[in-house]
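In what follows, a structure is listed as structure tokens, so that the remarks can point back to it.
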């Protein structure tokens with residue numbers, strides 16, 4: 379389903395998010411094609427791997443999460459850019 383390069387990129391995303399204190403849930407990656415990251419129960423970031431790869435956010439105004447939120451969004455954005463490049467190479 380996923381190429382080696384895609385799996386490598388997904389694993390790196392998980393490691394990067396864990397370093398920032400988020401929990402990672404891969405349980406829906408095979409069926410629904412998304413990865414869910416959560417911080418402190420109220421902040422949820424979902425990276426959808428289908429339809430060109432996009433984000434879904436559910437964020438609170440928690441000051442602790444606000445400190446890492448820019449880094450989290452930057453990492454997620456870079457992941458999506460790289461994933462799209464790989465996805466285009468795989469489908470061609």
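In the working numbering, the protein residues as written are 379 to 470.
We put the beta carbon where it would ideally sit given N, CA and C, even for glycine.
Pairing residue 382 with residue 429, the inter-Cα distance amounts to about 19 Å. Around the beta-carbon of residue 466, fewer than 16 other beta-carbon atoms lie within 10 Å, marking it exposed. In this structure, DSSP gives residue 407 a state outside helix and strand, which the three-state scheme calls coil.
Under a 10 Å Cβ-count criterion, residue 421 is classified as buried, with 16 or more other Cβ atoms of the shown protein chains found around its own Cβ. Taking a 10 Å sphere around the C-beta of residue 400, we find 16 or more other C-beta atoms and assign the residue as buried.
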